[in-house]
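Enquirer: Converting from the sequence shown to this note's numbering requires adding 1321 to each position, the first position being numbered 1. Just so it is clear, CB atoms sit at the ideal spot from N, CA and C, and this is done for glycine as well. What you are looking at is a predicted structure, and each value in this text was computed from that prediction instead of being measured.
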Amino acid sequence: MAVNMPDRKGRQMPSPLEGERIRPLNRWQIEDRRQELGDLYAETSGSDPRAWHQDRELFLRRLAVEVQRPGFALLVAERGVPRELAGTGPANGVVMTGCAYGFPVRAYGPRWRGLDRYLPLDLLRLAPSGRLFAISGLVVHSRVRTQNQGRDWNLARRLQRRLLADHTAGLTGHPDVLGVTLVDRADTATLRTLRAWGWRSVTAAAGDTPLAVPCRALVIGP
């Protein structure tokens, strides 16, 4: 079923729900599309064009490490290339427009980025049951970060919601899962955007003062 939305000039435009498909990639598919993922990150990072290659390589190195984590999952958003542009578009007829990835927080051993310092014990206790899921990457174009942030069909909201839903589906009884992420305290732009997408801040663990920790913890879910 096609759903259309009028823009401000009254013209009919494709619904975001119709226009972009979200699907998971397994580890072999991630490797096959590594170049596309790197290009997407560089194109959406907002960095100086001179830093494009460096940003891309740093992202791919981080991704290569995180792919090895148990339970790692990555989603991509894809949009079909119009027929008249198919000759200049990707060979498979789709273009990657976003991605999100993460993994369940381990119950034992070193925590992701020292997560123990940022979450109270009642939230860390969710880890042994698989109910604490770290969303460590969310890559979307600037318009997704600045427009229609509160809409359910906002692509970033769809990606983060699908990541948590897919993880929940794999747990016995399908319990509620809490998403968690860490953001540099100085990165106020990202903090504002995440809050606009439904994330909320968490008070640092007891004994840590705001000046003692370099990041802020945010959670999403019940």
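Return helix, strand or coil for leucine 1447, following the three-state DSSP convention.
Expert: Coil, per DSSP.
Enquirer: When DSSP builds the beta bridges, which residues end up paired with tyrosine 1422?
Expert: Partner(s): Leu1395, Gly1458.
Enquirer: Which stretch, first to last residue, makes up the alpha helix (DSSP H) that contains alanine 1385?
Expert: Start and end: 1373-1387.
Enquirer: Per the DSSP calculation, serine 1463 is bridged to which residue(s)?
Expert: DSSP output for serine 1463 lists no bridge partner at all.
Enquirer: Bridge partners for alanine 1538 per DSSP, in chain order?
Expert: Its beta-bridge partners are Leu1503, Val1523.
Enquirer: Between leucine 1361 and the rest of its own chain, which residues show a CB-CB distance below 7 Å, the 5 nearest in sequence each way excluded?
Expert: So the list reads Met1417, Cys1420, Val1460, once near-sequence residues are dropped.
Enquirer: Check arginine 1427 in the structure and name its three-state DSSP category.
Expert: Here arginine 1427 sits in coil by DSSP.
Enquirer: Quick test of your reading: glycine 1435 and valine 1415, contact by CB under 8 Å. State the CB separation rounded to the nearest angstrom.
Expert: About 38 Å separates the two Cβ atoms, so there is no contact after all.
Enquirer: Start and end of the beta strand (DSSP E) containing arginine 1344?
Expert: Its beta strand (DSSP E) spans residues 1342-1346.
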